[in-house]
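Trainee: I have a structure here, written as structure tokens, and I will follow up with some questions on it.
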Amino acid sequence: MMPLIILLVRHAGRRLRLAYAGNAALSTRYLWPMAMKNTTHAELSANIQQHGWLVFSVVGETQPLYSYTVGLFETFGHPEVVLSGLDMALAQALLNDIGSTVAQGLVREPEELYNDILSDYPCLFKAVPVTVYEHYFGRALVFYGETTFPVLQCLWPDALKRFPGDIGYDKSNQEPLFEE
Numbered sequence: 303m304m305p306l307i308i309l310l311v312r313h314a315g316r317r318l319r320l321a322y323a324g325n326a327a328l329s330t331r332y333l334w335p336m337a338m339k340n341t342t343h344a345e346l347s348a349n350i351q352q353h354g355w356l357v358f359s360v361v362g363e364t365q366p367l368y369s370y371t372v373g374l375f376e377t378f379g380h381p382e383v384v385l386s387g388l389d390m391a392l393a394q395a396l397l398n399d400i401g402s403t404v405a406q407g408l409v410r411e412p413e414e415l416y417n418d419i420l421s422d423y424p425c426l427f428k429a430v431p432v433t434v435y436e437h438y439f440g441r442a443l444v445f446y447g448e449t450t451f452p453v454l455q456c457l458w459p460d461a462l463k464r465f466p467g468d469i470g471y472d473k474s475n476q477e478p479l480f481e482e
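Residue numbering for the sequence shown follows the numbering used here, starting at 303 and increasing by one per position.
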């Protein structure tokens, strides 16, 4: 049984209490230093061979933080996964938990709800269009080169369990959709 971790996160000026039912040991397993900023294909390949996947976070002054996996498709044939608008440590921990479930054989499908990621809220997966990859997934493009790879965005709901794009969704969640 995985431990339940309660995280208090300040996000968009609000305090959020998130229950995280994940493996605490994995929360730092694949965190990589900024030294990997200019990584080569060979360096990425070696790390992915060793660990199965990597998680990268992108911090911008004009956009909310987002984190994504590189290697899930190569290692397990599963789409890469991106999360946006969450605290970096939380996003990395959640992506590592998702990666662990993929390694155990669970396949995440687009337009499906999953209740095993955030204990109090369902998460929805949406396919990310290839046309936006070059703007967001630089390290994945370095790794995959000419190989086409799929990406799913893992969306988390607002307090009333509405998702981005739903009528009445609380836009202060700062969770942009990766779309055209």
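A virtual CB, placed ideally from N, CA and C, is assigned to each residue, including glycine.
Below 7 Å between beta carbons: does that hold for Gly-354 and Thr-371?
Mentor: Going by C-beta atoms, Gly-354 is not nearer than 7 Å to Thr-371.
Trainee: Give every residue of the same chain whose Cβ lies closer than 8 Å to the Cβ of Tyr-435, excluding the five residues on either side of it in the sequence, and list them in chain order.
Mentor: Taken in chain order, the residues that qualify are Ala-442, Leu-443, Val-453.
Trainee: Which complete alpha helix (DSSP H) runs does the segment 433-476 hold, if anything under 4 residues is left out?
Mentor: Runs found: 435-438, 440-446.
Trainee: Do the CB positions of Cys-456 and Val-360 come within less than 7 Å of each other?
Mentor: No, Cβ-Cβ distance for Cys-456 and Val-360 is not below 7 Å.
Trainee: Exposed or buried, what is Asp-351 when buried is set at 16 or more other beta-carbons lying within 10 Å of its beta-carbon?
Mentor: Sequence check: residue 351 is Gln here, not Asp. When all chains shown are included, Gln-351 counts as exposed.
Trainee: By DSSP's criteria, Ser-359 is part of a beta bridge. Which residues make up the other side?
Mentor: Ser-359 pairs with Ser-369.
Trainee: Taking only the alpha-carbon atoms, compute the straight-line gap between Tyr-471 and Leu-392 and give it to the nearest angstrom.
Mentor: Cα to Cα, Tyr-471 sits roughly 22 Å from Leu-392.
Trainee: Taking Lys-463 and Tyr-416 to be in contact with their CB atoms under 8 Å, please state how far apart those CB atoms are, rounded to whole angstroms.
Mentor: About 13 Å separates the two Cβ atoms, so there is no contact after all.
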